[in-house]
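Structure first, commentary second.
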Amino acid sequence: MNKQLILRKKLTKARVRARISGTATRPRLSVRISNTQVVAQLIDDASAKTLASATSVGQKSLEKKTMTEKSVWVGEQIAKSAEAVKITTVVFDRGFRMYHGRVKQLAEAARLNGLKF
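Position 105 (the sequence shown) corresponds to 105 in this note's numbering; numbering is contiguous.
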């Protein structure tokens, strides 16, 4: 990858992370998307613990799905996991990605299933 592109991604991620922080009552919803997989985690930054997570890794039912469909599924699952640990509000951490496409679909699916942010 181009060094300038890598640097730009790191700076964008640092700028986003500097503005948000998760707590036990309002954790950070961190989204990581690769070429083939989607991962979302609810993180309490104060105690440095992951409270809940959802991933498309190893899910047989998602093998033939598009990345957008995987993002929607992970958004639904993270909302259900958050409900299980009694979390209703989160802070959204998009990382270096724009709030568009797969990231937006994941966020909207989580909102439709009960998370507030």
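We treat Cβ as the ideally placed atom computed from N, Cα and C, and that holds for glycine.
### Query
Tell me the DSSP bridge mates of residue 92?
29
### Task
State yes or no: is the C-beta of residue 78 within less than 8 angstroms of the C-beta of residue 110?
yes
### Task
Output the distance between the C-alpha atoms of residue 101 and residue 108, rounded to the nearest integer angstrom.
11 angstroms
### Query
Of all the options 75, 105, 45 and 31, which has the alpha carbon lying nearest to the alpha carbon of residue 115?
75
### Message
Quick check on this structure: which residue in 19, 15, 104 and 42 has the alpha carbon closest to the alpha carbon of residue 27?
### Response
42
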